[in-house]
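Worksheet: one structure, shown below.
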Amino acid sequence: MRRVSSSKLEIRNLAIRFGRGTPVRNAEILIEPGQSLGVVGESGSGKSLTSLAIMGLLPEHAEVTGEILWNGQDLLKVSANVRRELRGREIAMIFQDPMSSLNPSFTVGFQIDEVLKLRLGMREASARRERGLQLLAEVGIPAPHERWSAYPHQLSGGMSQRVSIAMALAGEPELLIADEPTTALDVTVQMQILELLSSLKKSHGMSLMFVTHDLAVASRVCDDIVVFYAGRTVERASASQLLSRPRHPYTKALLRARPQPGDPARTRLNVIEGIVPRASEDIQGCVFASRCESVFDRCRSEIPSRFVTSNAPNQFASCFLIDPTGEKK
Ligand SMILES: Nc1ncnc2c1ncn2[C@@H]1O[C@H](COP(=O)(O)OP(=O)(O)OP(=O)(O)O)[C@@H](O)[C@H]1O
Ligand SMILES: [Mg+2]
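Our numbering puts the first residue of the sequence shown at 4, with every later residue one more than the last.
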């Protein structure tokens, strides 16, 4: 077993703008070395943009402010060269569609070989092949020798995702970002990939940022969870604390909206009334105010800070309901 990651990621007050739209308004993320963080939120809440910002892969015209501290160094201030060095070596990412990391024109073996040669500087072809086959075996690809000369289209979705995980692992990253890595897969394959990621996280001692819209999946894989809503992190807690004692009304609504075991298949889910504010909307107060059951005047005019709950110091929620000093109505 290798060392446990010693790298820490801390994102403070991250905002991402495109022209008049601000799809990420204020994201806060903390991943301690070797920990796993689930990033949960509805479609459009800014999860992928935040992941791409960490990787330094946002489109050039994106305007990014705040801090992305990697071991204390602000990645928003370092040169493009330093960013490139970090990418794949210290921080790697896998995507929802494995085909986006695989090139359809080249064999699996060629692509892994390229990563080992170009990114890791391994000179000797036989050593690269040996390492490549070892990586494929590690991610659960049966008969790696045979798959080495296969093209991506000859693999199932689950197998392709395993190959893209192998490529991400090639650089022995300290942090792996997995952006909805199982959404495009069948349910049984999803479970296998989740188990694979959990076990690789342990055996490689790396940190994991796991992006999903599914709170149940996040709680199965992750130590901690942050909840995104309209580009803001509205709550953070340990996975068990978030499920048993959510504090933000949005998190509570998300939990209520989950299908329960034993529900007849056709029961209407508890939906959250109203719509998510658009990225171009100028919001004065709390981002969730327009849909919140417990809203009161202050929520519409003032942005709630991240209030820490007294019984769980690791938990915060951006909600005046838990402001220890404020009015609650
Ligand atoms: N290149 C871009 N230019 C302008 N707006 C963008 C761009 N990329 C994303 N956005 C906006 O940012 C919003 C958030 O995008 P993001 O992809 O981060 O959401 P997400 O939380 O990953 O959603 P999903 O669960 O659907 O993947 C989108 O709704 C879109 O309006
Ligand atoms: Mg996304």
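C-beta: ideal position from N, C-alpha, C; glycine also. It should be emphasised that the depicted structure is a prediction, and the values quoted were computed from it without experimental measurement.
Not one heavy atom of ligand 1 lies closer than 7 Å to the C-beta of Glu238. Put simply, of Ala130, Ser39, Gly44 and Leu119 the residue whose alpha carbon is nearest the alpha carbon of Ala30 is Gly44. Between the segment 98 to 105 and the segment 153 to 166, the count of C-beta pairs closer than 8 Å reaches three or more; the two stretches touch.
DSSP lists Leu72 as the beta-bridge partner residues of Asp77.
As for any beta strand (DSSP E) of minimum length 3 sitting wholly inside the segment 12 to 63, the runs are 12 to 21, 24 to 34 and 39 to 44, ordered along the chain. At least 8 Å separates the beta-carbon of Arg250 from that of Glu276.
By DSSP's assignment, Ile278 forms no beta bridge with any residue.
For Glu117, the uninterrupted alpha helix (DSSP H) segment begins and ends at Val111 to Glu117. Counted as a single uninterrupted DSSP element, the stretch harbouring Gln244 is not any beta strand (DSSP E) but the alpha helix (DSSP H) occupying residues Ala242 to Ser247. For Ala320, the pairing in a beta bridge is given by DSSP as Glu238 and Phe310. With a contact defined as Cβ atoms closer than 8 Å, Lys11 and Asn74 qualify at about 6 Å.
In terms of Cβ geometry, Val274 and Tyr232 do not form a close pair [threshold 8 Å]. For Ala95, the enclosing beta strand (DSSP E) has its first and last residue at Ile94 to Ile97. Note on the segment 153 to 231: whole alpha helix (DSSP H) runs with a minimum of 4 residues are 160 to 172, 190 to 207 and 218 to 224, in chain order. C-alpha of Ser313 to C-alpha of Arg239: approximately 14 Å in a straight line. Assignment of Ala256 by DSSP, reduced to helix, strand and coil, places it in the helix class.
Note on geometry: alpha-carbon atoms of Val224 and Gly91 lie some 22 Å from one another. For Glu45, the CB stays at least 7 Å from every heavy atom of ligand 2. Pro62 has its Cβ nearer than 7 Å to a heavy atom of ligand 1. For the pair of segments examined, the segment 51 to 68 was found not to touch the segment 198 to 210: the number of CB pairs separated by less than 8 Å stays below three. Distance between Phe319 and Leu60, taken at the CA atoms: about 29 Å. Taking the C-beta atoms as reference points, Arg126 is found no nearer than 8 Å to Asp116. When DSSP states are grouped into helix, strand and coil, Arg250 belongs to the coil group. About 15 Å separates the beta carbon of Ser321 from that of Ser304, a gap too long to meet the 8 Å contact definition.
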